[in-house]
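Take 252 as the starting number for the sequence shown in this note's numbering and just add one per residue. Here a beta-carbon is modelled for each residue, glycine too, at the ideal position from N, C-alpha and C. Single-structure report; data block below.
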Amino acid sequence: MNRCLTNLCRIEFPVTYRCNGRCIHCSEAGRRGISAHIDGDIAAKAIKRVASEYKITSVMTFGGEPLLYPEDVYKIHSAARDCCVASREIITNGCFSRDCAVLRSTARRLAESGCNRVLLSVDAFHQKTLPIEPAKIFAEELLGISGVTVKTNPAWISGRGADNPYDAVTERLVSEFEKMGVPSAKGNVIFPAGNAKKYLAEYFDPEKEYVNPYEEDPHDVKSISIDPDGGIFGGNIYRTDIIKILDGYTGE
Ligand code: SF4
252 MNRCLTNLCR IEFPVTYRCN GRCIHCSEAG RRGISAHIDG DIAAKAIKRV ASEYKITSVM
312 TFGGEPLLYP EDVYKIHSAA RDCCVASREI ITNGCFSRDC AVLRSTARRL AESGCNRVLL
372 SVDAFHQKTL PIEPAKIFAE ELLGISGVTV KTNPAWISGR GADNPYDAVT ERLVSEFEKM
432 GVPSAKGNVI FPAGNAKKYL AEYFDPEKEY VNPYEEDPHD VKSISIDPDG GIFGGNIYRT
492 DIIKILDGYT GE
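Right under this line is the structure:
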């Protein structure tokens with residue numbers, strides 16, 4: 252086992268960078284030109300290979316909007332379930348379709364595939380370009396399915412109760428979901444990257460050095476992320492066995 256990966260326990264799939272939203276805080280906005288989405292069969296095979304060598308406890312799909320490619324998402328979560336990965340999460344805007352029947356059937360198939368935690372991106376930023384109703388229908392369907400938890404996962408400028416117009420709107424939106432029985436996860440405080448750096452500059456201190464909360468020690472990697480085009484650590488799972496790629500990782 253690669254010493255840099257001794258504590259590896261999580262595999263992330265940004266399924267695609269495509270998105271039907273246009274959020275002003277989006278950290279992935281600059282990557283929109285990358286049109287690829289992950290191939291669910293190859294991703295599933297990669298999960299099985301990694302889980303055979305490492306103690307993987309968490310698999311997450313997100314994006315872009317992952318449910319623009321639901322079949323690939325189902326395959327990823329099915330593979331995670333088959334490998335006894337305990338936490339099988341998705342982050343979605345819940346607004347991947349305006350068709351009520353599609354929203355409801357996607358919720359059911361997602362649960363059937365093995366996904367057991369759905370985090371809904373609901374906040375002042377997402378709802379500037381995405382309607383709230385589809386996310387509510389999607390959440391309502393999930394609430395009726397056992398074995399799946401659904402929570403809102405808002406992005407905050409500072410946090411709940413903070414004195415700024417964005418967080419006030421987010422608080423109201425999150426409360427609407429709470430009234431439906433959908434609790435709120437902690438969410439995340441916006442990091443100055445991508446669109447956020449461009450459009451929300453007034454909320455960041457130009458003198459302060461912000462630390463990306465998602466960055467980790469390259470010599471003690473706990474989580475790996477496989478790009479929509481299959482890329483990881485300079486290799487590609489479409490061409491090379493993922494274990495071989497992981498074995499060659501040096502942390503440099
Ligand atoms: S829904 Fe997510 S990925 Fe899409 S634009 Fe908004 S923040 Fe970015």
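_Residue closest to Asp227, alpha-carbon to alpha-carbon, out of Lys306, Tyr268 and Pro321_ = Look at the range of the chain in this structure, 252 to 503, and you will see that residue 227 is not part of it.
*asked:* So, for Thr511: in the same chain, excluding its five sequence neighbours on each side, which residues have a beta-carbon less than 6 Å away from its beta-carbon?
replied: Residue 511 lies beyond the range of the chain shown here (252 to 503); nothing can be said about it.
*At which residues does the beta strand (DSSP E) containing Pro265 begin and terminate?*
Along the sequence shown, one-based indexing puts residue 265 at 14. It spans Arg261 to Pro265 - the beta strand (DSSP E) in which Pro265 sits, taken as one unbroken run.
*asked:* If you reduce the DSSP assignment to three classes, tell me which class Arg269 lands in.
replied: Taking the sequence shown and counting its residues from 1, one reaches residue 269 at position 18. Three-state DSSP puts Arg269 in coil, outside helix and strand.
*Compute every distance between the C-beta of Ser329 and the non-hydrogen atoms of the ligand SF4, then say whether any falls below 7 Å.*
Walking along the sequence shown from the start, residue 329 turns up at place 78. Not under cutoff, so the answer is no.
_Terminal residues of the alpha helix (DSSP H) in which Leu424 lies_ = Counted from its first residue, the sequence shown places residue 424 at position 173. From DSSP, the alpha helix (DSSP H) with Leu424 extends over Pro416 to Met431.
*To the nearest angstrom, report how far apart Leu381 and Arg254 are at their CA atoms.*
As a working mapping, residue 381 is identified with position 130 in the sequence shown. As a working mapping, residue 254 is identified with position 3 in the sequence shown. Counting only the Cα atoms, Arg254 lies some 44 Å from Leu381.
*When we look at the beta-carbon of Lys387 and count the other beta-carbons within 10 Å, is it buried (16 or more) or exposed?*
Within the sequence shown, numbered from 1, the residue matching residue 387 stands at position 136. So Lys387 counts as buried.
*asked:* Give me, in chain order, the residues of the same chain whose beta-carbon lies closer than 7 Å to that of Leu259; leave out the 5 immediate sequence neighbours on both sides.
replied: The residue given as residue 259 occupies position 8 in the sequence shown. Within the same chain, Leu259 has close Cβ partners Tyr305, Val472, Lys473 and Ile475.
_Residues bridged to Tyr401 (per DSSP)_ = As a working note, residue 401 is residue 150 in the sequence shown. According to the sequence shown, residue 401 is Val rather than Tyr. Its beta-bridge partners are Val369.
_Any non-hydrogen atom of the ligand SF4 closer than 7 Å to Ser476 Cβ_ = Here residue 476 is taken as the residue at index 225 of the sequence shown, counted from 1. Not so, every heavy atom of the ligand SF4 lies at least 7 Å from the Cβ.
_How far does the beta strand (DSSP E) with Glu340 in it extend, from its first residue to its last?_
Taking the first residue of the sequence shown as position 1, residue 340 is located at position 89. First-last of the beta strand (DSSP E) with Glu340: Ser338 to Thr343.
*Is the beta carbon of Ser372 within less than 7 Å of some heavy atom of the ligand SF4?*
If you number the sequence shown from 1, residue 372 lands on position 121. Ser372: yes, Cβ under 7 Å from the ligand SF4.
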